[in-house]
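Going by our numbering, the sequence shown opens with residue 2, and the numbers climb by one from there.
For each residue, glycine too, the CB sits at the ideal point set by N, CA and C.
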Amino acid sequence: MEDPEGGAKPQVDGASAAVRRDGKKSRRRKGKRGGQSRNAPHAASQASSETSGEAARPMEAAAGNPARKRKRRRRGNGGQRHDGASPAIQQHEKPASAAPAEGDTSSSRRNRRKHRGKRGLQGRPLAPGKPVGQPGITVQPAAIARDPAIARAPTIAKANGHSEPRIDGFNRGGRPPERERRDHAAEHPWPDELYAALDLGTNNCRLLIAQPTRPGQFRVVDAFSRIVRLGEGLAASGRLSNEAMDRAVDALRVCAGKLKSREIRRMRLIATEACRQAANGAIFLDRVVAETGLELEIIDRETEARLAVSGCSSLVGRETRSVVLFDIGGGSSEIAVIRIGENRFSRLANHITHWTSLPVGVVTLSERHGGQHVTPESFESMVSEVGGMLARFDCPEIEVAHSGDFHLIGTSGTVTTLAGVHLDLPRYDRRKVDGIWLSDDEVSAMQAKLLSWDFESRAANPCIGPDRADLVLAGCAILEAIRRRWPSPRMRVADRGLREGLLTDMMADDGVWRRHRNRRGQRAR
Numbered sequence: 002m003e004d005p006e007g008g009a010k011p012q013v014d015g016a017s018a019a020v021r022r023d024g025k026k027s028r029r030r031k032g033k034r035g036g037q038s039r040n041a042p043h044a045a046s047q048a049s050s051e052t053s054g055e056a057a058r059p060m061e062a063a064a065g066n067p068a069r070k071r072k073r074r075r076r077g078n079g080g081q082r083h084d085g086a087s088p089a090i091q092q093h094e095k096p097a098s099a100a101p102a103e104g105d106t107s108s109s110r111r112n113r114r115k116h117r118g119k120r121g122l123q124g125r126p127l128a129p130g131k132p133v134g135q136p137g138i139t140v141q142p143a144a145i146a147r148d149p150a151i152a153r154a155p156t157i158a159k160a161n162g163h164s165e166p167r168i169d170g171f172n173r174g175g176r177p178p179e180r181e182r183r184d185h186a187a188e189h190p191w192p193d194e195l196y197a198a199l200d201l202g203t204n205n206c207r208l209l210i211a212q213p214t215r216p217g218q219f220r221v222v223d224a225f226s227r228i229v230r231l232g233e234g235l236a237a238s239g240r241l242s243n244e245a246m247d248r249a250v251d252a253l254r255v256c257a258g259k260l261k262s263r264e265i266r267r268m269r270l271i272a273t274e275a276c277r278q279a280a281n282g283a284i285f286l287d288r289v290v291a292e293t294g295l296e297l298e299i300i301d302r303e304t305e306a307r308l309a310v311s312g313c314s315s316l317v318g319r320e321t322r323s324v325v326l327f328d329i330g331g332g333s334s335e336i337a338v339i340r341i342g343e344n345r346f347s348r349l350a351n352h353i354t355h356w357t358s359l360p361v362g363v364v365t366l367s368e369r370h371g372g373q374h375v376t377p378e379s380f381e382s383m384v385s386e387v388g389g390m391l392a393r394f395d396c397p398e399i400e401v402a403h404s405g406d407f408h409l410i411g412t413s414g415t416v417t418t419l420a421g422v423h424l425d426l427p428r429y430d431r432r433k434v435d436g437i438w439l440s441d442d443e444v445s446a447m448q449a450k451l452l453s454w455d456f457e458s459r460a461a462n463p464c465i466g467p468d469r470a471d472l473v474l475a476g477c478a479i480l481e482a483i484r485r486r487w488p489s490p491r492m493r494v495a496d497r498g499l500r501e502g503l504l505t506d507m508m509a510d511d512g513v514w515r516r517h518r519n520r521r522g523q524r525a526r
């Protein structure tokens, strides 16, 4: 075939586009989309070129080449296919001389099969600054899959300073919305799942709503804590008083509102010693369900001890070999002896070798011995009572090889109060208290300081307040009994407890941190 604008077409495999050296017609020029054969409308020019060679070129240039014109139109239309354009454009582009002869359907099918899957002119990129579509042309999602040029159009438009077009729900280069959500999850690997833990104790009602972050850690989204004194008068009567139950239900209503306002993946709501001991504990929980919709479970003492250990696992360093962890509650005190060998489990609670739960807490002990006016004699009487309970705890002595191998961990309002007083904080700040180390001498000095204060002085301290002023010395008596049983040069303060243990266990059971590690490994490849 000759070029109307001068110059021969480039050679293909040593032959021209129209005739090969062996005299046979080339099959490469057949099979244009739409079933056209380029040989039929140009038989006269081909015959002339076979006999006279270059002499036929001026005649064809004068007559014009419809196929060449169609090629230029296709380039100008941005690579649009005839079958994807509107009928008006197809009629304008197809001259009458280019229509295939009737009955030539077998040749058209054969040519379509031959060129199926090959890139033609439609696969070429758009010219810079060319619009994505032409007026009157509706681009369908199927056309994006058929035509690579259209799929690349959003990227080209953005590179030329235009706004990124949206084509029938596809954006960012033709990615479907579900692909976009997966890409967003890869960029932000932390799950959006929320977990909730509620602890209704003898003295406090506490709620935590958290979101998992790095392995073994989480971010607190919402929190609530209120002193309700549910166990008030329990030691004398054996029952929960109506006033105490009313205070607890009011606090639980607030917790229920916080839980309903968020989409929680999983929650666990527990009740501890007060509901365990009270004769009307089950009746109280039925009232909670009726008035707040919250269903609380009463956990046993062993579960309470394990949850306290799980909540403080991140505060136990790798160099530590033995720990005595204690949780001084309102109605009971849990103590766990932890021994860690060379191989450390992912869950610190699996290293518990001995544990006990003392049926005494700050509320019950202060009610028996008096909490407002505490003398050194009454304080020592409280220490002796708790020491007698610990003497019945069958636990081998802890062998300490080095000073850093063993220490105490305290998780309760008593030890956090001591730390706040030691730091002389103008108001209690959890960020400064949680994880702080106190030496044995510092703990003794703080206990002596609190014992020297009267009730009003303790209530005026911002880290104690009037709600804990009558309970703090009872907690110090329990702490002193534990220190005498397990002497240690230092103690670590933990402003965390059962709620954190509940959250840690639920997240570990669901494998949220394991899913993050897998996702991070896939993203690194």
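(message) Buried or exposed, going by whether 16 or more other CB atoms sit within 10 Å of the CB of residue 219?
(response) Classification for residue 219: buried.
(request) Going by DSSP, name the residue or residues bridged to residue 429. (result) In the DSSP output, where bridge partners are listed per residue, residue 429 has none listed.
(request) Could you check the C-alpha separation between residue 284 and residue 204 for me, to the nearest Å? (result) If you draw a straight line from the Cα of residue 284 to the Cα of residue 204, it is about 19 Å long.
(message) DSSP has residue 357 in a bridge; who is on the other side?
(response) 336
(message) Can you look up residue 267 in the DSSP assignment and give me helix, strand or coil?
(response) Here residue 267 sits in strand by DSSP.
(message) Within the continuous alpha helix (DSSP H) that includes residue 382, where are the two ends?
(response) 377-392
(request) Kindly indicate the opening and closing residues of the alpha helix (DSSP H) around residue 278. (result) 274-278
(message) Can you find the residues in the same chain that come closer than 8 Å, C-beta to C-beta, to residue 491, ignoring five residues on each side of it along the sequence?
(response) The residues are 408, 409, 438, 439, 440 and 441.
(request) If I'm right that residue 479 touches residue 366 with Cβ under 8 Å, what's the distance once you round it to whole angstroms? (result) Right, their Cβ atoms sit about 7 Å apart.
(message) Based on DSSP bridge pairs, tell me the residues matched to residue 218.
(response) In DSSP, residue 218 forms no bridge with anything.
(request) Check each candidate in 502, 316 and 512 and name the one with the smallest Cα separation from residue 271. (result) 502
(request) Put residue 282 into one of helix, strand or coil per three-state DSSP. (result) Residue 282 sits in a helix when the DSSP states are folded into three classes.
(request) Would you mind reading off the limits of the alpha helix (DSSP H) that contains residue 474? (result) 473-486
(request) For residue 438, write down the residues that DSSP places opposite it in a beta bridge. (result) Residue pairing by DSSP places residue 438 opposite 493 in a beta bridge.
(request) Ignore the nearest five residues each way along the sequence and tell me which others in residue 268's own chain have a CB closer than 6 Å to its CB. (result) 197
(request) From the DSSP output, in three-state form, read off residue 292 for me. (result) In the structure shown, residue 292 falls within a helical segment according to DSSP collapsed to helix, strand and coil.
(message) Our contact map puts residue 341 next to residue 322 with C-beta atoms below 8 Å; I'd like the distance itself, whole angstroms only.
(response) 6 Å
(message) I'd like to check one pair, residue 224 with residue 208: are the Cβ atoms closer than 8 Å?
(response) yes
(message) Could you compute how far the alpha carbon of residue 215 sits from the alpha carbon of residue 512?
(response) 12 Å
(request) Report yes or no: do three or more beta-carbon pairs, one from the region 224-235 and one from the region 250-258, lie closer than 8 Å? (result) yes
(message) If you reduce the DSSP assignment to three classes, tell me which class residue 400 lands in.
(response) coil
(request) May I ask you to list the residues that DSSP assigns as paired with residue 206? (result) 201 and 227
(message) I'd like to know whether the C-beta atoms of residue 353 and residue 339 end up nearer to each other than 8 Å.
(response) Yes. Within cutoff.
(request) Go ahead and pull the three-state DSSP assignment for residue 407. (result) strand
(message) Once DSSP output is grouped into helix, strand and coil, what is the label at residue 395?
(response) In the structure shown, residue 395 sits in coil (DSSP, three-state: anything other than H, G, I, E or B).
(request) In the DSSP assignment, find the beta strand (DSSP E) that holds residue 323 and state where it starts and stops. (result) 323-329
(request) Run the CB neighbour count on residue 493, radius 10 Å, all protein chains shown included, and call it buried at 16 or more, exposed below. (result) buried
(request) Report yes or no: do three or more beta-carbon pairs, one from the region 379-392 and one from the region 420-438, lie closer than 8 Å? (result) no
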